[in-house]
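Protein chains in written order, with this note's numbering: chain A, 94 to 315; chain B, 94 to 315.
For every residue, glycine included, the Cβ atom is placed at its ideal position computed from N, Cα and C.
Note that this is a predicted model, so its numbers are computed, not measured.
The next block holds one structure in the form of structure tokens; read it before the comments.
Protein chains: 2
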Amino acid sequence: MPFSLADHLRQLAYFEGQNSAVLERMIHSAVSHSASAGETLFLEGEQAAGLWMIQTGRVKIYKLNPQGQEHILRIFGDYDTFNDISAFDGGANPANAAALSDTQLWVFPTHVFQECIQRDGIFALRVVQVLSGRVRGLIRQIENLTLYSVTVRVARLLLNQVDDPALTGTGVTRAALAAHLATTPQTISTALREIELTGAIEFDRHQIRILREDLLRSIAML
Amino acid sequence: MPFSLADHLRQLAYFEGQNSAVLERMIHSAVSHSASAGETLFLEGEQAAGLWMIQTGRVKIYKLNPQGQEHILRIFGDYDTFNDISAFDGGANPANAAALSDTQLWVFPTHVFQECIQRDGIFALRVVQVLSGRVRGLIRQIENLTLYSVTVRVARLLLNQVDDPALTGTGVTRAALAAHLATTPQTISTALREIELTGAIEFDRHQIRILREDLLRSIAML
DNA sequence: CCATCGACTTCAGCTAGCTGAAGTACATCC
DNA sequence: GGATGTACTTCAGCTAGCTGAAGTCGATGG
């Protein structure tokens with residue numbers, strides 16, 4: 094068996110320093126799922142199936158307006174978990190989810206969590222910490238969207254891509270990144286060209302190389 | 094004593110169905126604080142003092158960019174709590190806070206919470222639910238900002254004001270609402286005028302009256 | 001009663017970024 | 001090898017919403 098669910102679960106923030114009781118329950122309740130590129134995993138407002146974990150692939154969490162315009166809240170990759178909130182509060186999905194590439198996933202049914210939070214203090218504390226982290230991330234996103242130009246947002250994305258493999262790879266097209274930065278593919282192209290002129294990066298159609306991280310950081314206003 | 098801290102704490106989501114042990118600890122650790130209009134309560138990045146509760150007044154939670162442009166993430170009013178996240182994960186303040194009007198507050202020091210979460214399963218579950226609610230709220234905010242025009246955002250704000258007293262009252266000026274909707278006072282004026290033309294509202298300098306909620310909802314695309 | 005000040009409105013430009021269209025590179029399939 | 005399709009780039013308008021300035025209303029204070 095090339096993929097050990099237990100080993101990967103152990104590495105998640107939720108189970109850090111965790112006794113095996115909670116872990117065991119999770120593993121036994123896990124359901125495997127696979128999706129091909131473009132396939133919808135769930136829709137906003139539906140009752141949540143549970144907490145999802147990606148084994149391999151890329152998944153977008155997104156909102157649509159009535160005109161069909163899309164905003165991608167987050168792009169997740171290997172070993173990331175998503176739809177935590179619904180699993181924890183037992184509510185409906187707050188947004189839509191679809192596979193960006195062919196994807197292998199696991200689903201952990203909702204009902205297990207509420208019990209574990211109440212019973213296991215350490216687990217509860219971890220959950221609170223992970224949720225706090227999500228809140229901090231969302232606040233940063235709002236800050237980016239409301240207080241910084243597209244060029245700055247693109248520069249920040251490039252810096253994030255270094256640490257977050259989910260932001261590169263199959264299925265993560267320029268259009269997807271545009272929908273994440275609340276802009277258009279065209280405007281991203283323009284911004285990249287503008288950043289290139291400063292000498293911070295160079296790029297062709299397929300690869301972006303950071304030449305001067307310091308310069309890029311200053312464009313990103315960081 | 095006209096104001097009973099215990100009575101109000103009992104009404105907070107955190108303490109719903111709560112035994113008095115946790116409640117007692119909170120009450121005894123509470124520190125009173127007062128601020129006049131415009132006064133800063135704390136800055137982003139500082140170590141958090143704890144969880145804040147407003148007795149009376151209005152408080153803005155906001156971000157600034159290097160040019161001094163402001164985005165108000167949230168406006169809180171009587172009996173609201175804020176800076177929960179820092180109190181729960183023990184991290185730094187994720188944003189700045191300042192009083193919009195003369196304000197009376199309470200602060201509950203950080204250290205008490207982590208202990209209570211770990212010890213008391215019911216309390217932990219409540220905290221997880223409140224945090225989940227915050228995440229849902231932030232997702233809705235991002236959706237509004239990225240997928241809807243200023244007119245729609247203004248219409249949604251008007252509908253929210255009916256339920257949320259924090260969004261009206263002393264200190265909550267047009268400029269503050271503009272900083273919350275990521276626009277300018279001028280553009281809000283224009284949007285209000287535009288909505289008025291449909292007959293959904295009427296307004297003068299000081300008061301906005303909703304005449305046709307159904308119409309307003311359709312402008313808000315709800 | 002008049003002066004001052006802060007909040008709100010209106011308007012005339014201006015601009016960041018969107019839209020649509022056309023063109024290019026690359027991969028896949030027959 | 002040619003055909004088709006998908007991503008990416010570039011460019012020429014266009015527009016929502018910003019900026020700055022000027023004016024109005026109403027409250028507060030001397």
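Closer than 8 angstroms to chain B by CB, residue i
i	result
ASN176(A)	no
TYR172(A)	no
GLN104(A)	no
PRO159(A)	yes
MET94(A)	Here MET94(A) scores only 46 on pLDDT, less than 50, and its place in the model should not be relied on; the value that follows carries that caveat. No, its Cβ sits nowhere closer than 8 angstroms to a Cβ of chain B.
CB contact below 8 angstroms: residue i versus chain A
i	result
PRO202(B)	no
SER311(B)	no
VAL220(B)	yes
GLY214(B)	yes
ASN189(B)	no
ILE232(B)	yes
ILE235(B)	yes
Beta-carbon spacing of residue i, residue j below 8 angstroms
i	j	result
GLN211(A)	ALA180(B)	no
LYS153(A)	ALA269(A)	yes
ALA259(A)	ASP173(A)	yes
ALA123(A)	PHE201(A)	yes
ALA128(A)	ASN186(A)	no
LEU224(B)	LEU274(A)	no
ALA308(B)	GLY292(B)	For the sequence presented, residue 308(B) should be read as Leu rather than Ala. Cβ distance < 8 angstroms, so LEU308(B) and GLY292(B) count as in contact.
ALA99(B)	PHE135(B)	no
ARG302(B)	VAL228(A)	no
Neighbouring residues, chain A, relative to residue i (Cβ below 9 angstroms)
i	result
GLU139(B)	Within chain A, no residue comes near GLU139(B); the closest Cβ sits about 15 angstroms away, beyond 9 angstroms.
LEU224(B)	ILE178, PHE181, ASP182, VAL220, VAL221, LEU224, SER225, ARG227, VAL228
GLN207(B)	LEU218, VAL221
Rounded C-alpha distance that separates residue i from residue j
i	j	result
SER194(B)	ARG151(A)	47 angstroms
ILE288(B)	ALA248(B)	8 angstroms
ALA106(B)	ILE294(A)	49 angstroms
HIS101(A)	LEU166(A)	25 angstroms
GLN197(B)	PHE175(B)	14 angstroms
LEU290(A)	ILE168(A)	28 angstroms
PHE108(A)	THR277(B)	45 angstroms
THR261(A)	ASP171(A)	11 angstroms
MET94(A)	MET146(A)	Confidence is the limiting factor: at MET94(A) the pLDDT is only 46, short of 50, which leaves the residue's position unreliable and the question unanswerable from this model.
THR239(B)	HIS164(A)	7 angstroms
GLU137(A)	ILE235(B)	15 angstroms
ASP177(B)	LEU251(B)	26 angstroms
ILE120(B)	GLY183(A)	30 angstroms
PHE296(A)	GLY230(A)	28 angstroms
ILE281(B)	ASP257(B)	19 angstroms
ALA130(B)	GLY264(B)	7 angstroms
GLN279(B)	SER125(B)	38 angstroms
THR266(B)	ALA272(B)	10 angstroms
ARG298(A)	ARG286(A)	12 angstroms
LEU304(A)	VAL220(A)	39 angstroms
VAL243(B)	ALA284(B)	7 angstroms
HIS204(A)	GLY143(A)	8 angstroms
GLY161(B)	ALA188(B)	14 angstroms
VAL255(B)	LEU116(A)	45 angstroms
ARG246(A)	ARG233(A)	11 angstroms
THR133(A)	THR133(B)	46 angstroms
Proximal chain B residues relative to residue i, where beta-carbon distance stays under 8 angstroms
i	result
ILE120(A)	Result: empty, since nearest Cβ-Cβ is about 22 angstroms, beyond 8 angstroms.
ILE210(A)	GLY214, ALA217, LEU218, VAL221
MET146(A)	Going along chain B, no residue has its Cβ under 8 angstroms from MET146(A), so there is no contact; the nearest lies around 18 angstroms.
Chain A contact residues for residue i, given Cβ-Cβ distances below 7 angstroms
i	result
THR239(B)	HIS164, LEU238, ALA275
ILE303(B)	Ordered by position in chain A, no residue passes the 7 angstroms Cβ test against ILE303(B), which lies about 22 angstroms from the chain.
Assigned secondary structure, residue i (DSSP; H/G/I helix, E/B strand, else coil)
i	result
ASP307(A)	helix
SER122(A)	helix
TYR107(A)	helix
THR133(B)	strand
SER194(B)	coil
PRO278(A)	helix
HIS299(B)	coil
GLU289(B)	helix
VAL255(A)	helix
VAL265(B)	coil
ILE212(B)	For the record, residue 212(B) in the displayed sequence is Arg; it is not Ile. Looking at ARG212(B) - three-state DSSP - the assignment turns out to be helix.
ALA248(A)	helix
Within chain B, the residues that residue i reaches when beta carbons sit closer than 7 angstroms
i	result
LYS156(A)	GLU236, LEU240
The ligand MN heavy atom lying under 7 angstroms from the CB of residue i
i	result
TRP145(A)	No copy of the ligand MN occurs in the structure displayed, which carries no ligand at all.
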